[in-house]
Ligand code: HEC
Ligand code: HEC
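Numbering (my numbering), first residue to last: -10 to 402.
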């Protein structure tokens, strides 16, 4: 039964993708429940279909070998679930290869590619002084340090990032779009002269706007996991899953929901397992990160490197904090954390459970196997909700069982 439902979900996505296959004659799939609204000369639906093409176009990279999709796979629903489905994360990443290679061979970024699914719900980056006036804090934005205020701003980054798609400049990206099979569609959405020489700056923003529109379509937020089915009264947890859910709660031993919130955020119709706030949970450096380690001059300070935070004069109090990720589809997106240092969900839960009680102290211990190395950044470390949870081995595995209920494709909502 489960398989059958997945196949149905996969079919509608396959239709969407087929509809966006790069042909110039009306590629818009009218059956796609797109967003209403949209810009000049086109409906939101058209804009998102254009965005899908831009998202998948490897030609928009220096060597013609990389698109957004290369690092944020659309495989989850087209390929069904399983080991090859990567749920909008990088299919090529692993614990020994935790960060993505760019368009140029041998050039790597310094962070593990997060899922692009459910990112649409992250509010614009801001300093929130109203929700809890006694504890004002940064919320939202895109990237693990929120340095892009929203999805459109985010989408402008990868094309020009030398460690990613490495195009020379905005005009070079626009020139490729001008030559693309979908250029007519671009003009249909944004106006007949939108791709003309002289309009590059506006056209570049429109490219980002269309991609953002695509990332706001329902395929990026299916809410079709077992968890959602249970919430809707259509399925029941096994006793392990239920126990894991109980442990996960704010008043459970795991306390996970203190940060991976069960309240709905950002106008979402389902639980996102984050409120897009920022915390330092003491993740150690990844010795396999090509960017290096503190010993070789590299430290990822997270939110403290966000230009807005620096301008606000708050870098010191935000050092080491990263955005709380959604846990939806987390079963499919290993390795984990900003630097991909943790390999399995079992290891993640064990880390939360024993970070503070099992610190590496002797060189006869094997780091990550016998013990935990020091945090990459020890300032602002959360010790209230994480680090020493006194979970039993069974409780650890129940938490993992619960997280595996968050994989989409279980049912059709
Ligand atoms: C070479 C791999 C690579 C490519 C290509 C790439 N990304 Fe990313 N993406 C990443 C990494 C790594 C991060 C996290 C970077 C950070 O936090 O500094 C990221 C972050 C994101 C985020 C933010 C998610 C969140 O939770 O904050 C979104 C959305 C996203 N990318 C969409 C895109 C789009 C759209 C494109 C194409 C224009 C693209 N990416 C191209 C690797 C890639
Ligand atoms: C104090 C806030 C906080 C608490 C409590 C917390 N988390 Fe997290 N969690 C985070 C942050 C922040 C990250 C991202 C850290 C990074 O990238 O370095 C994260 C990352 C993760 C990831 C990796 C996701 C990915 O895509 O890489 C998993 C899995 C996870 N948490 C599960 C849990 C579980 C299970 C619990 C309870 C045992 C828990 N978390 C408790 C804040 C928290």
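Even glycine gets a Cβ: it sits at the ideal position worked out from N, Cα and C.
{"Query": "For residue 12, I'd like the list of residues in its chain whose CB is within less than 8 Å of its CB, leaving aside the five on either flank, ordered along the chain.", "Result": "Caution applies to residue 12, whose pLDDT of 32 falls short of 50 and renders its modelled position unreliable; the value that the coordinates give is listed next. Correct list, in chain order: 170."}
{"Query": "Work out the CA separation of residue 346 and residue 332 for me, nearest whole Å.", "Result": "20 Å"}
{"Query": "Under the rule that 16 or more other beta-carbon atoms within 10 Å means buried, what is residue 351, buried or exposed?", "Result": "exposed"}
{"Query": "Which ranges does the alpha helix (DSSP H) cover as unbroken runs of at least 4 residues, wholly within the region 110 to 177, from first to last along the chain?", "Result": "140 to 144, 146 to 149 and 159 to 167"}
{"Query": "Short of 6 Å in beta carbon distance, which residues of its chain neighbour residue 1, apart from the five on each side in sequence? Order them along the chain.", "Result": "Low confidence applies here, because residue 1 scores a pLDDT of 35, under 50, leaving its location unreliable; read the following figure in that light. Answer for residue 1: no residue qualifies."}
{"Query": "Roughly how many angstroms separate the alpha carbons of residue 119 and residue 165, rounded to a whole number?", "Result": "45 Å"}
{"Query": "Among 159, 174, 202 and 217, which one has its Cα closest to the Cα of residue 192?", "Result": "159"}
{"Query": "By the 10 Å Cβ neighbour count, where 16 or more other Cβ atoms means buried, how is residue 41 classified, buried or exposed?", "Result": "buried"}
{"Query": "Who are the near neighbours of residue 253 in its chain, counting only those whose CB is closer than 8 Å to its CB and skipping five residues on each side?", "Result": "259, 260 and 261"}
{"Query": "For residue 44, verify whether its CB is less than 7 Å away from any heavy atom of ligand 1.", "Result": "yes"}
{"Query": "Please state whether the Cβ-Cβ distance between residue 44 and residue 175 is less than 8 Å.", "Result": "no"}
{"Query": "Residue 140 and residue 102: beta carbons closer than 8 Å?", "Result": "no"}
{"Query": "Closest by CA to residue 403, which one among 145, 390, 39 and 35?", "Result": "Beyond the ends of the chain as shown, which are -10 and 402, falls residue 403; an answer cannot be given."}
{"Query": "For a test of your reading of the model: does the CB of residue 312 fall under 7 Å from any non-hydrogen atom of ligand 1? Yes or no.", "Result": "yes"}
{"Query": "Answer yes or no: do residue 106 and residue 212 have a C-beta to C-beta separation smaller than 8 Å?", "Result": "no"}
{"Query": "Alpha helix (DSSP H) containing residue 339: first to last residue?", "Result": "334 to 343"}
{"Query": "Tell me whether residue 403 sits in a helix, a strand or coil according to DSSP, three-state version.", "Result": "There is no way to answer for residue 403, as the model of the chain reaches only from -10 to 402."}
{"Query": "In the DSSP assignment, what are the bridge partners of residue 400?", "Result": "BP columns for residue 400 are empty, so no partner."}
{"Query": "Is it the case that the CB of residue 153 approaches a heavy atom of ligand 3 more closely than 7 Å?", "Result": "Ligands displayed in this structure: ligand 1 and ligand 2; ligand 3 is not among them."}
{"Query": "Indicate the three-state DSSP secondary structure (helix, strand or coil) for residue 10 in the structure shown.", "Result": "With a pLDDT of 29 at residue 10, under the threshold of 50, the modelled position of that residue is not reliable, and no figure is offered here."}
{"Query": "Please report how far the alpha carbon of residue 349 lies from the alpha carbon of residue 359, in whole angstroms.", "Result": "8 Å"}
{"Query": "Tell me the rounded alpha-carbon separation between residue 397 and residue 187.", "Result": "44 Å"}
{"Query": "Here's the rule I'm using: 16 or more other beta-carbon atoms within 10 Å means buried, otherwise exposed. How should residue 173 be labelled?", "Result": "exposed"}
{"Query": "Candidates 266, 236, 168 and 379: which alpha carbon is nearest residue 185's?", "Result": "168"}
{"Query": "For a test of your reading of the model: does the CB of residue 249 fall under 7 Å from any non-hydrogen atom of ligand 2? Yes or no.", "Result": "yes"}
{"Query": "Consult DSSP for residue 356 and reduce its assignment to one of helix, strand or coil.", "Result": "strand"}
{"Query": "So, at 6 Å on beta carbons, what are the nonlocal neighbours of residue 144 in its own chain, with the 5 sequence-adjacent residues on each side left out?", "Result": "197, 200 and 201"}
{"Query": "Could you tell me the distance, in whole angstroms, from the CA atom of residue 399 to the CA atom of residue 114?", "Result": "32 Å"}
{"Query": "By DSSP, does residue 94 sit in helix, in strand, or in coil?", "Result": "coil"}
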